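Please read the structure below before turning to the comments.
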Amino acid sequence: IENENIVVMETKLKILEILQFILNVRLDYRISYLLSVFKKEFVEVYPMQDSAADGTAPAFDSTTAAMNLDRIGEHAEAMFGVGKTSSMLEVDDEGGRMFLRVLIHLTMHDYPPLISGSLQLLFKHFSQRQEVLHTFKQVQLLISAQDVENYKVIKSELDKLRTMVEKSELWVDKKGSSKGDSTVEGNKKEKKEHAADEEVTAPGEKSSENYQIVKGILERLNKMCGVGEQVRKKQQRLLKNMDAHKVMLDLLQIPYEKGDAKMLEILKFTHQFLQKFCAGNQENQALLHKHLNLFLTPGLLEAETMQHIFLNNYQLCSEINETVPQHFIHCVATHGRHVQYLDFLHTIIKAEGKYVKKCQDMIMTELTNAGDDVVVFYNDKASLSTLLEMMTAARDGVEENSPLMYHISLVDLLAACAEGKNVYTEIKCTSLLPLEDVVRVVTHEDCITEVKMAYVNFVNHCYVDTEVEMKEIYTSNHIWTLFENFTLDMARMCKKREKRLPDPTLEKYVLTVVLDTINAFFSSPFSENSTSLQTHQTIVVQLLQSTMRLLECPWLQQQHKSSVEACIRTLAMVAKSRSIALPMDLDAHVSSLLNSSSTNTVQRNTSSYKTATRTFPRVSTTPNQWDYKNIIEKLQDIINALEDRLKPLVEAELSVLVDVLHRPELLFMEGTEAFQRCESGGFLSKLVQHTKDLMETEEKLCIKVLRTLQQMLVKRNKYGERG
């Protein structure tokens, strides 16, 4: 295209931008209109009067009060205009026909950006109701004075932060112009040009002041994420709606000198914000997931943020690409054995209470293929002495980034890969860490509780609670050697029965890992055929005695009592089925427990029910809390009602678009050039040709066009009377 034509095309693009702006203003008007209708209806049904003189809130009967959803629906439909009223919000005086003629005409140009822009507006025009519904769902009401104040604070802070990010080249030290590990090469953001007379920040003191300003903003925004579940959810949504995450992502991409300590501190606060931003919030996790490449670097902060993006999100974990675990295994091999890399891999194995078998298999494959740089075990005599030395040095606790902590995390990761009964990973794990080696470490006098916890948990998931039988566990003495060691640790825990031992790690090990392993082994269908059980009856009795002593500790919490009781019950059933003789006093204790446990459960449940029933009326909710909950519930009712009411109209809009694309020539006068081009298939051929180009550049628009073309090939559906 000649230079002169390019200027013309660019001018037409500007016209499209103006039209886009007009349509956005129309959308804002419609959302404001719907909210005003909602407010009017709400106030009619629930008069928000001032509190009475005695401080009580005005009473209203919520059982009989109901909003007129049909009337609100009628307002919503009328807002789009029908017949004579249709011109009020249209962009022309012909019911939108002139607008369509302009867009169809622009689509037939030989300038791809213009075609894409015209198609975007065409789809926007024929999805007005869908767009309103989608936007109305995203509306966040600022109900309390605190909500409004939070909004003002966040807006002010974000505006200042945006400005600082845009002017970063004026205050960020870039000597040597190298970027830190935490940014992606080649992804440097272009900065806005500044006027020549603009004040340039001087180096040194002024630059340091700018660092402090940015740090202060980040600290305040971090606090804005709130404390407590309900508060955090509201703040997360508010921050999302104000695009706080976009500013943070821009901040992460600022070029800086690798050794810039102040900038590294700012990046730490930025990552902390993003981690809080998506904590327990799947919608926000999905937003950050779109920018995954920013976090696929060797940086440890990035690894922690990645962990939060996927944490307890089954959909994201199950859809993960194999390149992601490969990246982290590669980071371990090339950038050091950092626990943060393994923590991420651990995160994607289980989400929302479900195991992600795909991730277990991928991680297991990568670990099996990795060298000794990644998979570090201490199996031989020389390396075992190294492990013992590390454990001796860690008597007072394992340091966070130590080689011992890495080894513990690695064993935990392997156990997690086999958790939930996965045949493939179980076999791979047992080949990596033999049972004999595990027992040798766990039963050594210098073995610390943290290592025992990881190793015994590994035994449970890779040898005991398995999909297929691991014969070694039932034919050798190894598991019984472990059980003997369990009794020693339980005895340590019950040393002073009346006084709780100040050792939470030992307590966690015994009450979770040890009890789970005992329960899993004696409950396993494979143990029923085990001949070794008969020759180790004494150990079964010792386990019963140890668990009974544990149950008698007065400081034991109720949730742990249930676990201990379940373990005793399992051991007692085994003793009975195998005719293992118990000492008289132990037998009496066990029988008494088994007989009383079911009665106690019923009594506890009855007591809890009575307590709940008795105390329920006393729970009072402040008027503001009730108002907030009531308003949100009623807004959701309206959204649901509008979705049902507008559904046939949304589908009908799409059908009209299909009709327009079928016969675009009907928009133009006969004999005109545009009419002839459309009639001869010029428009459709241009549409198909442009769609091919869109596959590489604009995937979303490409999908929209392809779906519409598909609709053109099938018979039109019925959309109801109003459709």
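Numbering (the UniProt record's numbering), first residue to last: 1 to 723.
Every residue gets a Cβ at the ideal spot worked out from N, C-alpha and C, and that includes glycine.
Keep in mind it's a predicted model, so treat the numbers as computed, not measured.
Rounded to whole angstroms, what's the CA-CA distance from residue 234 to residue 320? Just pull it up for me.
28 Å
Nearest CA to the CA of residue 402: which residue from 340, 349, 449 and 640?
340
My output table needs one value for residue 256: the three-state DSSP class, helix, strand or coil.
coil
Mind checking whether residue 404 and residue 390 have CB atoms under 8 Å apart?
yes
With a Cβ-Cβ cutoff of 8 Å, do residue 254 and residue 374 count as a contact?
no
When 287, 365, 442 and 690 are compared against residue 110, the one with the closest alpha-carbon:
690
Mapping the DSSP letters down to three states, classify residue 211 as helix, strand or coil.
helix
Please tell me whether residue 116 and residue 698 are closer than 8 Å, where the distance is taken between their beta carbons.
yes
Residue nearest to residue 291 in terms of C-alpha spacing, selected from 250, 675 and 329
250
Reduced DSSP category for residue 406 - H, G, I as helix; E, B as strand; rest coil:
helix
Between 549, 207, 540 and 243, which has its C-alpha nearest residue 582's C-alpha?
540
Tell me the rounded alpha-carbon separation between residue 177 and residue 252.
Because residue 177 sits at a pLDDT of 44, beneath the cut-off of 50, its placement in the model cannot be relied upon, and the following sentence gives the value as read from the coordinates. Residue 177 and residue 252: Cα-Cα distance of roughly 15 Å.
Could you check what DSSP says for residue 724 in three-state terms: helix, strand or coil?
This structure does not reach residue 724, given that the chain is present from 1 up to 723, and the question cannot be answered.
Is the separation between the beta-carbon of residue 148 and that of residue 141 shorter than 8 Å?
no
Using the Cα positions of residue 331 and residue 303, report the straight-line distance between them to the nearest angstrom.
10 Å
Please give me, in chain order, every unbroken run of the beta strand (DSSP E) with length at least 3 that falls completely inside the UniProt domain "RIH" (229 to 369).
none
According to DSSP, simplified to helix, strand and coil, what is residue 371?
coil
Touching or not, the stretch 548 to 562 and the stretch 516 to 531, by the rule of three or more beta carbon pairs under 8 Å?
no
Straight-line CA distance for residue 487 to residue 256?
57 Å
Between residue 667 and residue 100, how many whole angstroms is the CB-CB distance? I'm expecting something under 8 Å.
6 Å
For the alpha helix (DSSP H) that contains residue 424, what are its first and last residues?
423 to 432
Is it a yes or a no for the stretch 417 to 424 touching the stretch 475 to 483, going by three-plus beta-carbon pairs under 8 Å?
no
Residue 571 to residue 544 span [Cα, whole Å]
7 Å
Simplified DSSP assignment, three categories, for residue 648
helix
How long is the line joining the alpha carbons of residue 189 and residue 347, rounded to whole angstroms?
A caution first: residue 189 carries a pLDDT of 40, below 50, which makes its placement in the model too unreliable to give a value.
Please classify residue 444: does DSSP put it in a helix, a strand, or coil?
coil
Counting Cβ pairs, one atom from each stretch, are 3 or more of them under 8 Å apart for the stretch 292 to 311 and the stretch 263 to 283?
yes
Who are the near neighbours of residue 453 in its chain, counting only those whose CB is closer than 6 Å to its CB and skipping five residues on each side?
509 and 513
Straight-line gap, residue 182 to residue 435 (C-alpha atoms, nearest Å)
With a pLDDT of 43 at residue 182, under the threshold of 50, the modelled position of this residue cannot be trusted; read the value that follows with caution. The straight-line gap from Cα to Cα measures roughly 40 Å.
What are the boundary residues of the alpha helix (DSSP H) that residue 574 is part of?
558 to 577
Same chain only: Cβ atoms within 6 Å of residue 216, ignoring 5 sequence neighbours per side
none
On the three-state DSSP scale, how would you describe residue 581?
coil
Since residue 594 contacts residue 38 with CB under 8 Å, what's their CB separation in whole angstroms?
So it is not a contact: roughly 60 Å between Cβ atoms.
Measure the C-alpha to C-alpha separation of residue 338 and residue 300 and round it to an integer number of angstroms.
8 Å
Enumerated in chain order, which unbroken segments of the alpha helix (DSSP H) with a length of 4 residues or greater are wholly contained in the stretch 459 to 538?
471 to 475, 478 to 493, 504 to 508 and 515 to 523
8 Å CB neighbourhood of residue 357 in its chain, flanking five on each side removed
420 and 422
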